[in-house]
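Worksheet: the structure to be examined is printed underneath.
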Amino acid sequence: MSRESKIKSREQVTRANATLTGALDSRPSTLVRYAGIYAALWKNSITREMAFKSNFILWIIVEVLWFGLQLSFIGVIYLHTDNIGTWTKWQVVLLVGASHFIQQIFQAFFLVNCTNLSELVRTGKLDFLMLLPINTRFVISLRQVDLGAFVNAGIAVGIMAYSLHQIPFVPGFAQIGGFLVLCVAGILIHYSLMFLLATISFWTVRAQGIVWGYYSMFNIARMPDEAFQRGVFKAVFTFIVPVLLVSNVPVRMLVNKMDSLVPLLVLLAMSVVCFVVSELGWRASLRRYTS
7 MSRESKIKSR EQVTRANATL TGALDSRPST LVRYAGIYAA LWKNSITREM
57 AFKSNFILWI IVEVLWFGLQ LSFIGVIYLH TDNIGTWTKW QVVLLVGASH
107 FIQQIFQAFF LVNCTNLSEL VRTGKLDFLM LLPINTRFVI SLRQVDLGAF
157 VNAGIAVGIM AYSLHQIPFV PGFAQIGGFL VLCVAGILIH YSLMFLLATI
207 SFWTVRAQGI VWGYYSMFNI ARMPDEAFQR GVFKAVFTFI VPVLLVSNVP
257 VRMLVNKMDS LVPLLVLLAM SVVCFVVSEL GWRASLRRYT S
């Protein structure tokens with residue numbers, strides 16, 4: 007081969023490599039790809055909700071009535087006392103509002119998806135999701151979005167703002183930011199534990215009862231942690247099923263009732279631990295799955 011031919015061949019290889027590199031660089035990143043997939047899931051959820059407008063509105067009304075009942079319960083309690091531990095009436099109303107906010111955001115993104123996992127296992131529809139070229143847990147966890155829950159979360163924010171006005175207390179930007187970060191940690195705990203319980207369906211086929219049983223424990227998060235004396239109950243719902251931390255710690259941050267950083271660190275640590283445990287449980291469940 008002549009020298010000119012070798013040079014021409016090298017130039018062709020160089021151009022081919024450059025073309026390939028450009029093509030790889032033009033591919034969307036993993037983050038952009040998953041964002042596009044999630045946007046499509048949102049679109050499908052909106053279409054589904056708008057197809058059943060009456061059901062959409064009815065569930066909002068039901069949640070508002072339930073929220074009002076919780077607030078009425080707090081009002082009855084404070085007819086007979088001025089404080090629960092160090093918590094005043096409006097601080098507890100703020101706690102109930104924050105708990106409802108966290109619950110509704112969790113419900114918006116994860117509740118329906120977690121409860122549907124056992125049905126996917128029972129019917130074999132999980133096979134189709136596992137064949138998709140994306141993370142299976144991602145698509146199972148975020149397939150549907152409950153849009154009505156965002157409306158209820160907005161109502162909870164309104165109650166929280168009114169409670170802060172009644173206390174009265176005006177939180178700073180750092181406190182609001184810390185509150186939101188801790189709310190995310192609380193939502194992660196709820197999601198991780200409910201998803202872990204849902205994976206029991208790989209062994210029992212149906213697990214809705216267990217999943218909804220955990221959902222009923224959300225009511226514990228609405229109560230001040232100081233309402234419970236130190237003992238087995240408080241230890242279990244702080245370190246094993248940490249629902250007492252989920253609302254109490256963010257509200258303490260918001261109204262500057264944080265005596266130490268220990269509860270904050272415990273909440274953050276428990277959110278990581280719960281997610282890791284749920285991921286290990288999910289992988290063990292997949293190894294058992296036989297379609």
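Okay, so the sequence shown: first residue is 7 according to the working numbering, each after it adds one.
The beta-carbon is built from N, C-alpha and C at its ideal position, and this holds for glycine as well.
- Return the CA-CA distance between ASN61 and GLY192, expressed in angstroms with no decimal places. For the purposes of this step, residue 61 is taken as residue 55 along the sequence shown, with counting starting at 1. For the purposes of this step, residue 192 is taken as residue 186 along the sequence shown, with counting starting at 1. Near 28 Å, if we compare the C-alpha coordinates of GLY192 and ASN61.
- Taking the Cβ atom as the reference point for each residue, do LEU101 and VAL257 lie within a distance shorter than 8 Å? The residue you call residue 101 lines up with position 95 of the sequence shown. The residue you call residue 257 lines up with position 251 of the sequence shown. Yes, the Cβ-Cβ distance between LEU101 and VAL257 is below 8 Å.
- Query: Are the Cβ atoms of GLU232 and THR92 separated by less than 8 Å?
  - Reply: Counting from 1 along the sequence shown, the entry for residue 232 is found at position 226. Counting from 1 along the sequence shown, the entry for residue 92 is found at position 86. Yes.
- Query: What residue from GLY237, ILE216, LEU194 and TRP209 has the CA that sits closest to CYS280's CA?
  - Reply: Here the question's residue 280 lines up with position 274 in the sequence shown. That would be LEU194, whose Cα lies nearest to the Cα of CYS280.
- Item | Selected residue, minimal CA-CA separation from TRP48, among MET229, ASP152, LEU71 and ASN141 | By one-based count along the sequence shown, residue 48 stands at place 42. The shortest C-alpha separation from TRP48 is found at ASP152.
- Endpoints, the alpha helix (DSSP H) within which PHE179 is located: Taking the first residue of the sequence shown as 1, we reach residue 179 at position 173. Run containing PHE179: 179–204, per the alpha helix (DSSP H) assignment.
- Item | Exposed unless 16 or more other CB atoms sit within 10 angstroms - verdict on MET223 | As a working note, residue 223 is residue 217 in the sequence shown. Answer is exposed; the Cβ neighbour count stays below 16.
- Query: Over what stretch of residues does the alpha helix (DSSP H) that includes GLU232 continue unbroken?
  - Reply: Within the sequence shown, numbered from 1, the residue matching residue 232 stands at position 226. It is not in any alpha helix (DSSP H) - GLU232 carries neither H nor E in the DSSP assignment.
- Message: Between the alpha carbons of GLY160 and PHE107, how many angstroms are there, rounded?
- Response: In the sequence shown, residue 160 corresponds to position 154, counting from 1. In the sequence shown, residue 107 corresponds to position 101, counting from 1. C-alpha separation (whole angstroms): 8 Å.
- Out of GLN181, ALA162 and ILE173, point me to the one whose CA is closest to SER105's CA. For this step, residue 105 is matched to residue 99 along the sequence shown. Nearest of GLN181, ALA162 and ILE173 to SER105, Cα basis: ALA162.
- State the Cα-Cα distance for the pair THR36 and PHE144, rounded to the nearest angstrom. Taking the first residue of the sequence shown as position 1, residue 36 is located at position 30. Taking the first residue of the sequence shown as position 1, residue 144 is located at position 138. Spanning the two alpha carbons is a distance of roughly 13 Å.
- Whose C-beta lies closer than 7 Å to the C-beta of VAL217 among residues of the same chain, with five residues either side of it excluded? On the sequence shown, position 211 is the one that residue 217 refers to. Here the set comprises CYS120, THR121, MET200, LEU203 and ALA204.
- Task: Compare the Cα-Cα distances from TYR84 to each of LEU75, GLY74 and TRP96 and report the closest residue.
- Result: Working through the sequence shown from its first residue, we reach residue 84 at position 78. Minimum Cα distance to TYR84 is reached at TRP96.
- Message: What would DSSP say about ILE165, mapped onto helix, strand or coil?
- Response: The sequence position of residue 165 within the sequence shown is 159, counting from 1. Three-state result, ILE165: helix.
- Do the CB positions of VAL272 and LEU251 come within less than 8 Å of each other? Counted from its first residue, the sequence shown places residue 272 at position 266. Counted from its first residue, the sequence shown places residue 251 at position 245. Cβ distance < 8 Å, so VAL272 and LEU251 count as in contact.
- Message: So, does the stretch 74–84 touch the stretch 172–185, judging by three or more C-beta pairs under 8 Å?
- Response: no
- Task: Could you give the DSSP three-state label for ILE226: helix, strand or coil?
- Result: On the sequence shown, position 220 is the one that residue 226 refers to. Helix.
- Backbone secondary structure at ILE90 - three-state DSSP: Locating residue 90 in the sequence shown gives position 84, counting from the first residue. Note: ILE90 maps to strand in three-state DSSP.
- Query: If you compare alpha carbons, which of ALA57, PHE234, LEU148 and VAL238 is closest to LEU117?
  - Reply: Locating residue 117 in the sequence shown gives position 111, where the first residue counts as 1. For the residues ALA57, PHE234, LEU148 and VAL238, the minimum Cα distance to LEU117 belongs to LEU148.
- Following the continuous alpha helix (DSSP H) through LEU270, name the residue where it begins and the one where it ends. By one-based count along the sequence shown, residue 270 stands at place 264. Taken as a continuous stretch (DSSP letters only), the alpha helix (DSSP H) holding LEU270 covers 268–294.
- Task: Would you kindly check if the distance between the Cβ of THR142 and the Cβ of LEU135 is under 8 Å?
- Result: The sequence position of residue 135 within the sequence shown is 129, counting from 1. The sequence position of residue 142 within the sequence shown is 136, counting from 1. Result yes, Cβ atoms of LEU135 and THR142 sit closer than 8 Å.
- Query: Going by the beta-carbon positions, is the gap between ALA213 and SER277 smaller than 8 Å?
  - Reply: Locating residue 213 in the sequence shown gives position 207, where the first residue counts as 1. Locating residue 277 in the sequence shown gives position 271, where the first residue counts as 1. Cβ distance not < 8 Å, so ALA213 and SER277 don't count as in contact.
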